[in-house]
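Let me begin by presenting the structure, written as structure tokens, before commenting on it.
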Amino acid sequence: KPPTSIEELDRFNDKITKIEGGRIVRIGIIPWAQFGNANATFTWGWAFGGSFYDPDNYKITANDPKVIEAMEWMTSYAKKYNPNTINAFTQGFGSRDQNPFYIGRIAMQCLHISQIDDINTYAPDLDYGLTYIPAPKTGEARSSWVGGWCLAIPKGSKHPEQAWEFVRWCCRDPKGTEAVGKMQSLLPGYRKSPFLDEVRTRRGYGEFLKILEACRHQRPVMPAQSFYMGSLERAVDYSIYGRMSPKQALNSSTRETQTELDLRLAGR
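Residue numbers for the sequence shown follow this note's numbering, so the first one is 261 and each next one is one higher.
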């Protein structure tokens with residue numbers, strides 16, 4: 261039975277983690293190593309019940325008390341194991357076939373849907389399960405979020421109408437979304453895509469589809485999103501290396517991202 265709460269997750273981690281001669285040989289989970297610091301912050305911040313952006317008032321809320329609580333929990337693992345020790349542990353896992361989760365060196369981690377094919381290719385005998393992200397009792401049960409990929413037409417394109425037709429085919433056409441889904445191993449956002457019915461009962465994909473259909477969050481859609489991501493990356497580093505407390509780091513992230521957003525909204 262997988263952990264459903266942060267308390268259970270911590271207990272699982274303590275039982276699984278193995279240290280020999282001051283070196284980590286195996287670990288249960290690395291909270292900030294979930295597709296980068298920023299994505300990890302979104303993941304745990306929402307699971308803890310936090311909010312990152314108020315779209316009605318154009319306000320950055322990285323210092324939401326629940327997000328601070330999430331980063332304090334993330335930072336507790338840095339205090340327990342030392343981030344330099346964790347870095348030494350993860351540096352040896354470079355190639356895709358040496359993913360530490362695939363070879364049993366990290367027991368629990370967030371997976372991207374594209375990794376299902378990776379596991380089938382590089383670790384076909386891996387005994388694994390998929391479930392929802394654990395959350396504290398005061399947080400959001402079965403929390404999830406989506407990012408998504410984007411197609412854009414460059415300014416000054418010589419064939420904007422044809423380009424738009426291609427974008428539409430990829431994103432809102434039954435055959436197009438099916439083709440992209442099969443090619444990229446990704447779930448389309450088009451609800452009528454036949455690819456969704458095709459993968460509903462397929463191992464791994466069915467679980468991700470259930471998560472997608474019940475998803476409540478996406479990365480804040482606003483002009484300073486990229487800046488925000490970089491700011492959260494730094495906030496996690498400052499926290500886990502002890503340069504700032506989680507509250508200080510997230511207050512700083514809130515201030516600098518709000519300043520950047522205000523400038524962009526003003527057209528400067």
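Glycine included, every Cβ here is placed at the ideal spot set by N, Cα and C.
Let me know the secondary structure DSSP gives residue i once reduced to three states.
i: Glu280; result: strand
i: Ser445; result: coil
i: Arg365; result: coil
i: Val327; result: helix
i: Ser486; result: helix
i: Arg428; result: helix
i: Cys319; result: Reading off the sequence, residue 319 comes out as Lys, not Cys. The answer is strand: DSSP assigns Lys319 an E or B state.
i: Arg286; result: strand
i: Tyr498; result: helix
i: Gln351; result: coil
i: Gln478; result: strand
i: Ser403; result: strand
i: Ile393; result: strand
i: Tyr337; result: helix
i: Asp522; result: helix
i: Asp314; result: strand
i: Ile346; result: helix
i: Ala298; result: helix
i: Leu411; result: coil
i: Leu472; result: helix
i: Thr264; result: coil
i: Ala439; result: helix
i: Met387; result: Rather than Met, the amino acid found at residue 387 in this sequence is Asp. Three-state result, Asp387: coil.
i: Asn273; result: helix
Report buried or exposed for residue i, applying the criterion of at least 16 other Cβ atoms within 10 angstroms of its Cβ.
i: Asn299; result: buried
i: Leu523; result: exposed
i: Leu510; result: buried
i: Tyr501; result: exposed
i: Val481; result: exposed
i: Leu456; result: buried
i: Tyr388; result: exposed
i: Gly310; result: buried
i: Thr461; result: exposed
i: Ala495; result: buried
i: Asn317; result: exposed
i: Leu525; result: exposed
i: Pro549; result: Because the chain is modelled from 261 through 528, residue 549 falls outside the range shown and cannot be assessed.
i: Ala484; result: buried
If the criterion is Cβ atoms closer than 8 Å, does the pair residue i and residue j meet it?
i: Pro448; j: Gly441; result: yes
i: Ser453; j: Thr437; result: yes
i: Ile286; j: Arg365; result: Note that residue 286 is Arg in the sequence shown here, rather than Ile. Result yes, Cβ atoms of Arg286 and Arg365 sit closer than 8 Å.
i: Gln478; j: Trp405; result: yes
i: Gly296; j: Glu493; result: yes
i: Ala367; j: Ile289; result: yes
i: Tyr450; j: Val459; result: no
i: Thr514; j: Ala322; result: yes
i: Trp306; j: Glu425; result: no
i: Ile373; j: Leu446; result: yes
i: Thr301; j: Met331; result: yes
i: Gln375; j: Gln294; result: no
i: Leu371; j: Leu386; result: no
Among the options, whose alpha-carbon lies nearest the alpha-carbon of residue i?
i: Pro325; options: Arg283, Thr398, Ile290, Phe353; result: Thr398
i: Thr517; options: Phe312, Gly296, Gln422; result: Phe312
i: Ile328; options: Ile471, Met504, Phe455; result: Met504
i: Ala338; options: Phe487, Tyr362, Tyr498; result: Tyr498
i: Ile279; options: Lys340, Met331, Leu269; result: Lys340
i: Trp304; options: Trp333, Asp316, Thr277; result: Trp333
i: Gln358; options: Thr335, Asp314, Gln375, Tyr382; result: Tyr382
State the CB to CB distance for the pair residue i and residue j, rounded to an integer number of angstroms; the pair is presumed to be in contact (CB under 8 Å).
i: Ile266; j: Pro394; result: 6 Å
i: Tyr572; j: Ile379; result: This structure cannot settle anything about residue 572, because the visible part of the chain is limited to 261 through 528.
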